[in-house]
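Asker:
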Amino acid sequence: MKKSLYILLLLVGLTLTFVLGIIVYSQMAEIQPKMLIIYALIGIVALISIFVAIKKMKEEKEGQPIEDEFTTLVKYKSGFYAYLASMYMWLFIFLFRDISSDVETLLGGGILLSGVIGFVCKFFVKQQLNEK
Amino acid sequence: MRNRIKELRARENLTQLDLAKIVNVRRETIVFLEKGKYNPSLKLAYDISRQFKLQIEEVFIFENKEDST
Chain V
-6 MKKSLYILLL LVGLTLTFVL GIIVYSQMAE IQPKMLIIYA LIGIVALISI FVAIKKMKEE
54 KEGQPIEDEF TTLVKYKSGF YAYLASMYMW LFIFLFRDIS SDVETLLGGG ILLSGVIGFV
114 CKFFVKQQLN EK
Chain Y
12 MRNRIKELRA RENLTQLDLA KIVNVRRETI VFLEKGKYNP SLKLAYDISR QFKLQIEEVF
72 IFENKEDST
């Protein structure tokens, strides 16, 4: 219970700090459209993480275990697919690196996309676990 | 493989959460089991069957395509 609460507090704290940072930065300088895409990605990842943390905390309160054989299987399978997809993503980032000359943007975008790929893979693995 | 968990659970007036707590898994696992989207481990199949006081093969029905032809 405590662990879930700490994770939730940390996530909410990080998200609020990030939003505050963007508000302050937008008053000092104009935000570029490509940066807006990255901010949106960060926002999506943060929102999904907060939603998952709240759900886990609620389930833990109900007396359910945090992990069981099903979640472990989904974790391993989706982890494998996310790893494969991330490799292709980094290859594409390398091939199309001329789109942005800013290395930090490319790296940050890549890391964020890896997070999104992880969520997507988990969703699809759950949908097709027993299907041939 | 199909199973009779939903039917047996209804017969014993158990919710998905109740059964999940008894066999020490998450409610999500019971949901996926009932939908036939997940095949349980032998231990979980045994725990569920024992809860309903039945044999494993009475709860989990393995359908071999060759048998039906």
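Protein chains in written order, with my numbering: chain V, -6 to 125; chain Y, 12 to 80.
Ideal Cβ positions, reconstructed from N, Cα and C, are used throughout, including at glycine.
Just so it is clear, the structure is predicted and the values come from calculations on it, not from any experiment.
May I have the straight-line CA-CA distance separating V/E7 from V/L105, to the nearest angstrom?
Answerer: Here residue 7 of chain V is taken as the residue at index 14 of the first sequence, counted from 1. Here residue 105 of chain V is taken as the residue at index 112 of the first sequence, counted from 1. What sits at residue 7 of chain V in the sequence shown is Leu, not Glu. Spanning the two alpha carbons is a distance of roughly 15 Å.
Asker: Count the other C-beta atoms from every protein chain shown that fall within 10 angstroms of the C-beta of Y/N14, then say buried if there are 16 or more, exposed otherwise.
Answerer: As a working mapping, residue 14 of chain Y is identified with position 3 in the second sequence. Flag for Y/N14 reads buried.
Asker: Which residues of chain V have a Cβ atom closer than 7 Å to the Cβ of Y/S52, listed in chain order?
Answerer: Residue numbering aside, residue 52 of chain Y sits at position 41 when the second sequence is read from its first letter. E62, listed in chain order.
Asker: Assuming the contact rule is C-beta atoms closer than 8 Å, V/F63 and Y/T40 should be a hit. Round their C-beta distance to whole Å, please.
Answerer: Taking the first sequence and counting its residues from 1, the one referred to as residue 63 of chain V is at position 70. Taking the second sequence and counting its residues from 1, the one referred to as residue 40 of chain Y is at position 29. Between Y/T40 and V/F63 the Cβ distance is about 4 Å, and since that is below 8 Å, they are a contact.
Asker: Whether or not the segment 25 to 37 of chain V and the segment 69 to 76 of chain V are in contact is what I'm after, with contact meaning three or more pairs of Cβ atoms, one per stretch, closer than 8 Å; do they touch?
Answerer: With the cut-off at 8 Å, the segment 69 to 76 of chain V and the segment 25 to 37 of chain V do not touch.
Asker: Check whether the segment 53 to 62 of chain V touches the segment 19 to 35 of chain Y, counting contact only when three or more Cβ pairs, one atom from each stretch, lie closer than 8 Å.
Answerer: Segments in contact, yes.
Asker: Tell me the DSSP secondary structure of Y/R13 in three-state form.
Answerer: Along the second sequence, one-based indexing puts residue 13 of chain Y at 2. Residue state, collapsed to three classes: strand.
Asker: Report buried or exposed for Y/V36, applying the criterion of at least 16 other Cβ atoms within 10 angstroms of its Cβ.
Answerer: Sequence index remark: in the second sequence, residue 36 of chain Y carries index 25 (1-based). The residue in question, Y/V36, is buried, as its Cβ has 16 or more Cβ neighbours within 10 Å.
Asker: Y/E68 CB to nearest chain V CB: under 9 Å?
Answerer: Reading the second sequence from its first residue, position 57 is the one you call residue 68 of chain Y. Judged by the 9 Å Cβ criterion, Y/E68 is not in contact with chain V.
Asker: Answer yes or no: does any C-beta atom of chain V fall closer than 9 Å to that of Y/K17?
Answerer: Against the second sequence, residue 17 of chain Y aligns to sequence position 6. No - not a single Cβ of chain V is within 9 Å of the one on Y/K17.
Asker: What residues in the segment 23 to 41 of chain Y bring their beta carbon closer than 8 Å to a beta carbon of chain V?
Answerer: Of all residues in the segment 23 to 41 of chain Y, L28, A31, K32, N35, V36, R37, R38, E39, T40 have a Cβ within less than 8 Å of some Cβ in chain V.
Asker: Mind listing which residues of the segment 35 to 65 of chain V have their C-beta closer than 9 Å to chain Y's C-betas, in chain order?
Answerer: Those would be E52, E55, G56, Q57, P58, I59, E60, D61, E62, F63, T64, in chain order.
Asker: Report yes if the C-beta distance between V/V67 and V/F112 is below 9 Å; otherwise report no.
Answerer: Against the first sequence, residue 67 of chain V aligns to sequence position 74. Against the first sequence, residue 112 of chain V aligns to sequence position 119. The answer is no: Cβ separation not under 9 Å.
Asker: Give the secondary structure of V/I110 by DSSP, where H, G and I count as helix, E and B as strand, and everything else as coil.
Answerer: Position 117 of the first sequence, counted from the first residue, corresponds to residue 110 of chain V. V/I110: helix per DSSP, three-state reduction.
Asker: V/G108 and V/M82: beta carbons closer than 9 Å?
Answerer: Residue numbering aside, residue 108 of chain V sits at position 115 when the first sequence is read from its first letter. Residue numbering aside, residue 82 of chain V sits at position 89 when the first sequence is read from its first letter. Not in contact: V/G108 and V/M82 (Cβ atoms no closer than 9 Å).
Asker: Give me, in chain order, the residues of the same chain whose beta-carbon lies closer than 7 Å to that of V/E70; leave out the 5 immediate sequence neighbours on both sides.
Answerer: Indexing the first sequence from 1 puts residue 70 of chain V at position 77. The question names Glu, but residue 70 of chain V in the sequence shown is Lys. Counting only Cβ-Cβ distances below 7 Å, and skipping sequence neighbours, we find V118.
Asker: Using beta carbons (cut-off 9 Å, strictly below), is Y/L65 in contact with chain V?
Answerer: Start at 1 with the first residue of the second sequence, and residue 65 of chain Y comes out as number 54. So no, Y/L65 is outside the interface.
Asker: Using beta carbons (cut-off 9 Å, strictly below), is Y/Y49 in contact with chain V?
Answerer: Residue numbering aside, residue 49 of chain Y sits at position 38 when the second sequence is read from its first letter. So, interface residue.
Asker: With DSSP as the reference, label Y/F71 as helix, strand or coil.
Answerer: Indexing the second sequence from 1 puts residue 71 of chain Y at position 60. Strand at Y/F71.
Asker: Quick check on V/R90: buried or exposed, where buried means 16 or more other Cβ atoms within 10 Å of its Cβ?
Answerer: As a working mapping, residue 90 of chain V is identified with position 97 in the first sequence. With fewer than 16 other Cβ atoms within 10 Å, it is exposed.
Asker: Tell me the DSSP secondary structure of V/G36 in three-state form.
Answerer: Here residue 36 of chain V refers to the residue found at position 43 when the first sequence is read from its first residue. Here V/G36 sits in helix by DSSP.
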